[in-house]
Amino acid sequence: MEAITHLFKGRPRISRWLSYHLLSSPPRMILLSFLLAIGIGTVLLCLPAATAAPGSMRTIDALFMATSATCVTGLSVMDPAADLSLFGQLTLLALIQLGGLGIMSFSTFFMFLFVGKLTISGRGLLVDSFSQNPIGELGKLIVTVFSFTFVLEIIGAAILTYRFLEHFSWDQAVYYGIFQSISAFCNAGFDILPGTYAGYAADGWFVLTNILLIIAGGLGFIVIFDINAQAKHLGNHFFSRLSLHSKITISLTVVLLLVGAVFFVALEYTRGLSGMPWGDQVLTVLFQSATTRTAGFTLLPISELSAPTLFVFMLLMFIGASPGSCGGGIKTTTFMLFLQGMTRQFSENQDINLFYRRIPGKTLSKAASIVFFAIFTIATFMFLLLLTEVYLHQQPFTFMEVLFETVSAFGTVGLSLGITGDLSPAGKVIVSVLMYLGRLGPITLVLALKTQKQFHLRYLKEDILVG
2 MEAITHLFKG
12 RPRISRWLSY
22 HLLSSPPRMI
32 LLSFLLAIGI
42 GTVLLCLPAA
52 TAAPGSMRTI
62 DALFMATSAT
72 CVTGLSVMDP
82 AADLSLFGQL
92 TLLALIQLGG
102 LGIMSFSTFF
112 MFLFVGKLTI
122 SGRGLLVDSF
132 SQNPIGELGK
142 LIVTVFSFTF
152 VLEIIGAAIL
162 TYRFLEHFSW
172 DQAVYYGIFQ
182 SISAFCNAGF
192 DILPGTYAGY
202 AADGWFVLTN
212 ILLIIAGGLG
222 FIVIFDINAQ
232 AKHLGNHFFS
242 RLSLHSKITI
252 SLTVVLLLVG
262 AVFFVALEYT
272 RGLSGMPWGD
282 QVLTVLFQSA
292 TTRTAGFTLL
302 PISELSAPTL
312 FVFMLLMFIG
322 ASPGSCGGGI
332 KTTTFMLFLQ
342 GMTRQFSENQ
352 DINLFYRRIP
362 GKTLSKAASI
372 VFFAIFTIAT
382 FMFLLLLTEV
392 YLHQQPFTFM
402 EVLFETVSAF
412 GTVGLSLGIT
422 GDLSPAGKVI
432 VSVLMYLGRL
442 GPITLVLALK
452 TQKQFHLRYL
462 KEDILVG
């Protein structure tokens with residue numbers, strides 16, 4: 002953004018306006034940086050060199066693919082393996098890495114940049130939570146972000162390359178391994194492997210490597226930084242030394258992984274899992290539970306799963322990953338606080354205590370606002386899709402298919418019941434906007450649209466009846 006303002010240095014009024022409205026607002030910089038990446042990606046994918054067949058990609062398709070990659074979603078209107086050239090696939094991969102790493106670094110920067118605007122008590126809360134001075138450790142935090150990302154992606158690529166050598170040549174195995182590792186860690190859901198994932202369901206190394214990459218990318222780098230800071234205490238009350246945020250994130254990640262796996266087994270044991278060896282079933286249910294919340298890969302045809310299974314999948318997609326991570330959704334911590342806030346309404350004890358810490362009421366209100374924003378956004382965009390696709394274009398889409406597509410786009414997951422490629426141009430624009438909004442999240446959007454000066458009037462209080 003500074004480079005943009007530099008272009009207008011000869012026009013002081015424009016330069017001052019850009020500096021005041023953009024550089025002074027980190028949320029606006031995030032919004033515009035993603036738009037800039039999507040715009041550049043769209044232009045590159047429109048080039049004839051980006052497609053495998055002669056000719057160039059339609060602009061609307063290039064926009065959709067660039068948005069899906071930058072927002073690490075994975076919804077696709079084409080087959081990246083067959084329809085994109087090497088240049089097109091590398092463009093997609095660059096957008097995925099930029100979207101994943103950029104999102105994490107920007108969101109982490111954003112969280113800590115606001116420390117300077119907090120009250121003394123707010124600063125003390127961050128210091129107590131992380132057992133260190135956030136501003137003083139900011140440089141170390143960013144180094145940890147980039148180091149952890151590339152080290153894990155390299156390790157993942159090495160393992161996957163080794164597995165792919167059984168089926169492909171050396172150069173193909175290396176290329177597929179790198180692409181799959183980055184896509185899995187960034188929770189993007191894109192793959193360029195020939196055929197489907199079903200052939201790898203019995204490959205424990207492939208499945209477990211992808212699960213670990215997806216979970217690591219979905220934890221969030223505040224958690225990773227916290228774990229790294231407390232690594233010297235490993236084995237000596239390690240978990241108790243972590244911040245409250247890290248404890249909730251790790252605990253809920255494990256719980257959701259296991260709960261999702263249990264529901265998947267219970268609902269698909271006689272259907273999608275029937276005929277599989279026991280070991281393959283375990284790998285499949287763990288993989289599906291991990292990937293459904295954030296990444297969007299699948300070992301089974303989603304369209305052949307039962308309606309109750311799809312409902313569970315939508316709940317997992319709605320919850321999503323954790324704050325400051327590659328994944329979308331309302332986030333694990335938001336889900337936990339929302340549940341706790343609901344139970345508080347029917348309890349005599351109005352305090353919410355987690356891991357021997359009391360949660361401020363303001364944080365609970367923020368969690369509730371995020372949940373309601375997500376529900377409202379999904380309902381609005383689902384109506385728009387029903388209007389454009391079913392009502393105006395007479396597409397034979399079912400209510401479940403449209404709902405699943407909408408939740409998947411908002412949660413930046415990338416799973417689909419097969420309607421993405423059949424969307425009209427208007428439908429593709431709607432889903433692209435939804436992926437963008439879902440990736441940024443409500444807090445970033447609200448802060449980006451907030452004016453610099455706000456005046457608050459407080460009126461007389463009066464209660465009303467509810468329920």
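Position 60 (the sequence shown) corresponds to 61 in the numbering used here; numbering is contiguous.
The beta-carbon is built from N, C-alpha and C at its ideal position, and this holds for glycine as well.
Every value quoted in this text rests on a predicted model; they were computed, and no experiment measured them.
C-alpha gap between residue i and residue j, whole angstroms
{"i": "residue 174", "j": "residue 181", "result": "10 angstroms"}
{"i": "residue 380", "j": "residue 389", "result": "14 angstroms"}
{"i": "residue 430", "j": "residue 41", "result": "17 angstroms"}
{"i": "residue 284", "j": "residue 84", "result": "30 angstroms"}
{"i": "residue 30", "j": "residue 362", "result": "29 angstroms"}
{"i": "residue 39", "j": "residue 168", "result": "34 angstroms"}
{"i": "residue 235", "j": "residue 156", "result": "22 angstroms"}
{"i": "residue 269", "j": "residue 360", "result": "38 angstroms"}
{"i": "residue 202", "j": "residue 214", "result": "16 angstroms"}
{"i": "residue 273", "j": "residue 306", "result": "7 angstroms"}
{"i": "residue 199", "j": "residue 96", "result": "26 angstroms"}
{"i": "residue 465", "j": "residue 100", "result": "45 angstroms"}
{"i": "residue 402", "j": "residue 87", "result": "32 angstroms"}
{"i": "residue 391", "j": "residue 329", "result": "27 angstroms"}
{"i": "residue 459", "j": "residue 444", "result": "23 angstroms"}
{"i": "residue 1", "j": "residue 184", "result": "Outside the modelled stretch of the chain, which goes from 2 to 468, sits residue 1, for which no answer is possible."}
{"i": "residue 280", "j": "residue 308", "result": "25 angstroms"}
{"i": "residue 51", "j": "residue 238", "result": "52 angstroms"}
{"i": "residue 176", "j": "residue 366", "result": "46 angstroms"}
Bridge-paired residues (DSSP) for residue i
{"i": "residue 353", "result": "360"}
{"i": "residue 52", "result": "85"}
Assigned secondary structure, residue i (DSSP; H/G/I helix, E/B strand, else coil)
{"i": "residue 465", "result": "coil"}
{"i": "residue 224", "result": "helix"}
{"i": "residue 177", "result": "helix"}
{"i": "residue 404", "result": "helix"}
{"i": "residue 47", "result": "helix"}
{"i": "residue 67", "result": "helix"}
{"i": "residue 244", "result": "coil"}
{"i": "residue 198", "result": "helix"}
{"i": "residue 73", "result": "coil"}
{"i": "residue 321", "result": "coil"}
{"i": "residue 1", "result": "There is simply no residue 1 to check, as the chain begins at 2 and stops at 468 in what is shown."}
{"i": "residue 382", "result": "helix"}
{"i": "residue 424", "result": "coil"}
{"i": "residue 167", "result": "coil"}
{"i": "residue 203", "result": "coil"}
{"i": "residue 148", "result": "helix"}
{"i": "residue 62", "result": "helix"}
{"i": "residue 495", "result": "Any property of residue 495 remains undetermined from this structure, which presents the chain solely from 2 to 468."}
{"i": "residue 332", "result": "coil"}
{"i": "residue 229", "result": "helix"}
{"i": "residue 308", "result": "helix"}
{"i": "residue 249", "result": "helix"}
{"i": "residue 337", "result": "helix"}
Residue environment, residue i, which counts as buried when at least 16 other CB atoms sit within 10 Å
{"i": "residue 62", "result": "buried"}
{"i": "residue 371", "result": "buried"}
{"i": "residue 73", "result": "buried"}
{"i": "residue 346", "result": "exposed"}
{"i": "residue 384", "result": "exposed"}
{"i": "residue 69", "result": "buried"}
{"i": "residue 343", "result": "exposed"}
{"i": "residue 408", "result": "buried"}
{"i": "residue 386", "result": "buried"}
{"i": "residue 271", "result": "exposed"}
{"i": "residue 442", "result": "buried"}
{"i": "residue 399", "result": "exposed"}
{"i": "residue 414", "result": "buried"}
Close Cβ partners of residue i (< 6 angstroms) along its chain, the five nearest in sequence each way excluded
{"i": "residue 57", "result": "47, 49"}
{"i": "residue 253", "result": "333, 337"}
{"i": "residue 261", "result": "290, 317"}
{"i": "residue 395", "result": "none"}
{"i": "residue 119", "result": "Note that residue 119 scores 39 on pLDDT, short of 50, meaning its location in the model is unreliable and no value can be drawn from it."}
Neighbourhood of residue i by C-beta distance below 7 angstroms, restricted to the same chain and skipping five residues each side
{"i": "residue 326", "result": "105, 218, 219, 220, 221"}
{"i": "residue 206", "result": "160, 164"}
{"i": "residue 461", "result": "none"}
{"i": "residue 158", "result": "178, 179, 182"}
{"i": "residue 89", "result": "46, 51, 52"}
Neighbourhood of residue i by C-beta distance below 8 angstroms, restricted to the same chain and skipping five residues each side
{"i": "residue 421", "result": "76, 77, 78, 406, 432"}
{"i": "residue 246", "result": "130, 223, 224, 227, 324, 334"}
{"i": "residue 249", "result": "333, 334, 337, 355, 356"}
{"i": "residue 410", "result": "74, 76, 382, 432, 435, 436, 439"}
{"i": "residue 60", "result": "43, 47"}
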